[in-house]
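Remarks on the structure that follows.
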Amino acid sequence: MQSLSVQVLAEAGSTDILAVANSPLVWVCALGVFAVIFVQTLIYVKAARKAGPDAGMSSQELTRSYRAGAIASVGPSLAVVLVAIALLALFGTPAVLVRIGLIGSAATETASAGIAATTMGATLGGPDYTQQIFAIAFMAMSLSGGMWMLATLILTPILKRGGHRLSAMNPAAMAIIPCAALLGAFSMLAVAEAPKSSVHLVTLGVSAVVMAGCLFLAKKLGAGWLKEWALGFAIITALAVAFVAHTA
Amino acid sequence: MTTQIPTRAGAGMAGFEATTSRWGRITMLAGLVLSLIGPCYLVFFGGLDITAGHVWLAFLAVAATFGIFWIMEPLTYFPILGSAAMYQAFMIGNISNKLLPAAIVAQSTVNARPGTKRGDLAAVMAICGAATVHLVSLLLFVGVLGTWLISIIPMELIDVARLYILPAVMGAVLVQIIATMKQLRPTLFAIAIALLVQFVLVPLVPQLAMGATAIGVAATIALAWFGRDRTVTHHAHLADDGEGEGTAPKEEI
Numbered sequence: 001m002q003s004l005s006v007q008v009l010a011e012a013g014s015t016d017i018l019a020v021a022n023s024p025l026v027w028v029c030a031l032g033v034f035a036v037i038f039v040q041t042l043i044y045v046k047a048a049r050k051a052g053p054d055a056g057m058s059s060q061e062l063t064r065s066y067r068a069g070a071i072a073s074v075g076p077s078l079a080v081v082l083v084a085i086a087l088l089a090l091f092g093t094p095a096v097l098v099r100i101g102l103i104g105s106a107a108t109e110t111a112s113a114g115i116a117a118t119t120m121g122a123t124l125g126g127p128d129y130t131q132q133i134f135a136i137a138f139m140a141m142s143l144s145g146g147m148w149m150l151a152t153l154i155l156t157p158i159l160k161r162g163g164h165r166l167s168a169m170n171p172a173a174m175a176i177i178p179c180a181a182l183l184g185a186f187s188m189l190a191v192a193e194a195p196k197s198s199v200h201l202v203t204l205g206v207s208a209v210v211m212a213g214c215l216f217l218a219k220k221l222g223a224g225w226l227k228e229w230a231l232g233f234a235i236i237t238a239l240a241v242a243f244v245a246h247t248a
Numbered sequence: 249m250t251t252q253i254p255t256r257a258g259a260g261m262a263g264f265e266a267t268t269s270r271w272g273r274i275t276m277l278a279g280l281v282l283s284l285i286g287p288c289y290l291v292f293f294g295g296l297d298i299t300a301g302h303v304w305l306a307f308l309a310v311a312a313t314f315g316i317f318w319i320m321e322p323l324t325y326f327p328i329l330g331s332a333a334m335y336q337a338f339m340i341g342n343i344s345n346k347l348l349p350a351a352i353v354a355q356s357t358v359n360a361r362p363g364t365k366r367g368d369l370a371a372v373m374a375i376c377g378a379a380t381v382h383l384v385s386l387l388l389f390v391g392v393l394g395t396w397l398i399s400i401i402p403m404e405l406i407d408v409a410r411l412y413i414l415p416a417v418m419g420a421v422l423v424q425i426i427a428t429m430k431q432l433r434p435t436l437f438a439i440a441i442a443l444l445v446q447f448v449l450v451p452l453v454p455q456l457a458m459g460a461t462a463i464g465v466a467a468t469i470a471l472a473w474f475g476r477d478r479t480v481t482h483h484a485h486l487a488d489d490g491e492g493e494g495t496a497p498k499e500e501i
């Protein structure tokens, strides 16, 4: 029923993103990724329990480790939830769950989507953000994330065989290149938002100021949790200001 | 953090290593395939007039920006995570802000030193615990609650959120990256280049707009490399000295 309606609703020029973003197959695949990680977790727990005695680790200690990991991740997980909810309007639930919640991160995935939209001469989230642009952005994010996994799949066995001296070959390059690439990419992406409209400029500024404030307070008060929540707070505050400025 | 000792897998752990590398690889491959089916379906069967050329162009533009990290990140995290956890971490995400802290907390809870067999098992169990919490909270709060939320929020609010989400994300992320890197020189290079590309280069040659981010990345790398402070020595195994100063994993942002 719904898959039929997708076919009907799907028009390259339609801006009803959620109609395609929520198509049943996309949902099934997203839930499939969740299922795969659940299965992986089960297999790993079982393997660890089996190896416990040999490593001098009691079943009790293994359970305590599991529980400690679970409790430690409650805060960071909820911080990711907040960011993910803010991005729902842009990508729809299944894509957000997989791309932002799991494999990727809010920063790299929105950046990838924005870059992909630009190659089509469109703006992510703008009036020309059609179903076609969404699909291309989703594809580009997924391919890029796929390359990350592919690299992990290929490199891990190699590194395990002692190839991790690879990273010691040129320490200066290993330190400078990723840092410069990240600064270069996000400086460009941030600066590109500024001239779009005065509201864009204000939104950009508010977001940056809120983040700076959170990081400053986190350091002053020794509140590590604030660092985790900073991105969510910055996005929500900036969007609230954008709404007021937009409707004013 | 910890140093991976290549011989850490003793005879007793051999079974664990075998199971986790086998199933770790199988599950990650399954995750990879599943994550691609959805977008492939929309692109090829969605009736959205998308050509292979569109996809290639978008992919190449993204690759030019993030391609370096595909290789650099696994290299950076391997010494900290060990091979078993690699297959977990790159599917679950949020490595440095969630998985690593969880592993460290668990190790200290059971007094296991990192890099030992006990330390490895404690870390893997902790990541399993973190994964469980993460999956459940995403399904519940984003999958169920978020979908409901988006269905009751007025359309105009959604339109505004969509229109301004990019600046709302990028402003904060840039500040966060600058604060994490703590490297003045490359930061100044990056911002100067971005301003130059956006306000001089693109207006002069509008065709370059779609490659602007890649140009910014390439130019910043070149300037940061040739203009680097040669009095600073960079140490091998960045991951070993605590926060991994100077490395830039995507999970930090």
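Residue numbers (my numbering), protein chains in the order written: chain A, 1 to 248; chain B, 249 to 501.
Where is the CB? At the ideal position from N, CA and C, for every residue including glycine.
| Check | Outcome |
| --- | --- |
| B:R231 at chain A interface by Cβ criterion, 9 Å | There is simply no residue 231 of chain B to check, as chain B begins at 249 and stops at 501 in what is shown. |
| C-beta contact flag for B:L347 and B:A337 at 9 Å | yes |
| Rounded distance between the beta-carbons of A:Y129 and B:A374, thought under 8 Å | Contact doesn't hold; Cβ gap of about 40 Å is too wide. |
| For A:G232 and A:V244, the rounded distance between their alpha carbons | 19 Å |
| Per-residue contacts from B:Q455 into chain A (C-beta, under 7 Å) | Within 7 Å Cβ-Cβ: nothing; B:Q455 doesn't reach chain A, min ~11 Å. |
| Neighbouring residues, chain D, relative to A:D128 (Cβ below 8 Å) | Absence of chain D from the displayed structure is noted, the protein chains being A and B. |
| Collapsed DSSP secondary structure at A:T41 in the structure displayed | helix |
| Contact set for A:A173: own chain, Cβ-Cβ below 8 Å, skip 5 residues either direction | none |
| A:V98 to B:G459 span [Cα, whole Å] | 27 Å |
| Spatial distance of B:L383 from A:V209 (CA atoms) | 31 Å |
| Residue-chain proximity (A:K220, chain B), Cβ-Cβ < 9 Å | no |
| Segments assigned alpha helix (DSSP H), at least 4 residues, entirely inside the stretch 32-110 of chain A | 59-72, 74-86 and 88-91 |
| For A:L183 and B:T268, believed in contact at Cβ under 8 Å, the rounded distance | Not confirmed; about 35 Å, so no contact. |
| Cα-Cα separation, B:I406 to B:L397 | 11 Å |
| Coil, strand or helix - A:V210 by DSSP | helix |
| C-alpha distance - B:A360 paired with B:V310, whole-angstrom precision | 41 Å |
| Rounded Cβ spacing between A:M149 and B:L280 (contact assumed at less than 8 Å) | 5 Å |
| Contacting residues, own chain, Cβ-Cβ under 6 Å from B:E493 (five flanking each side not counted) | Reliability fails at B:E493, whose pLDDT of 35 lies under 50, so the model's placement of it is uncertain and no value is given. |
| Exposed unless 16 or more other CB atoms sit within 10 angstroms - verdict on A:V158 | Per the sequence presented here, residue 158 of chain A reads as Ile, with Val not at that position. With fewer than 16 Cβ atoms within 10 Å of its Cβ, A:I158 is classed as exposed. |
| Candidates A:G162, A:V80, A:W27 and A:R161, of which the one nearest A:A95 by Cα | A:W27 |
| Integer Cβ distance of B:F317 from A:P178, believed to fall under 8 Å | 7 Å |
| A:A248 beta carbon near the ligand NAD (any heavy atom closer than 8 Å) | As far as ligands go, the structure on display features none, and thus does not contain the ligand NAD. |
| Proximal residues to B:M339 (C-beta, below 8 Å), its chain only, five neighbours per side dropped | T275, M276 and G279 |
| B:V392: first and last residue of the uninterrupted alpha helix (DSSP H) it sits in | Per DSSP, B:V392 belongs to no alpha helix (DSSP H) and is neither H nor E. |
| Three-state secondary structure (DSSP) of A:L183 | helix |
| Cβ-based burial, A:M141 [other Cβ within 10 Å; buried from 16] | buried |
| Within 9 Å, strictly: CB atoms of A:A55 and B:K365 | yes |
| The stretch 413-429 of chain B / the stretch 110-124 of chain A touching (three or more Cβ pairs under 8 Å) | yes |
| Per-residue DSSP class, three states only, for A:Q131 | helix |
| For B:V358, three-class secondary structure by DSSP | coil |
| Inter-stretch contact at 8 Å, needing at least 3 Cβ pairs: the stretch 378-395 of chain B / the stretch 69-87 of chain A | yes |
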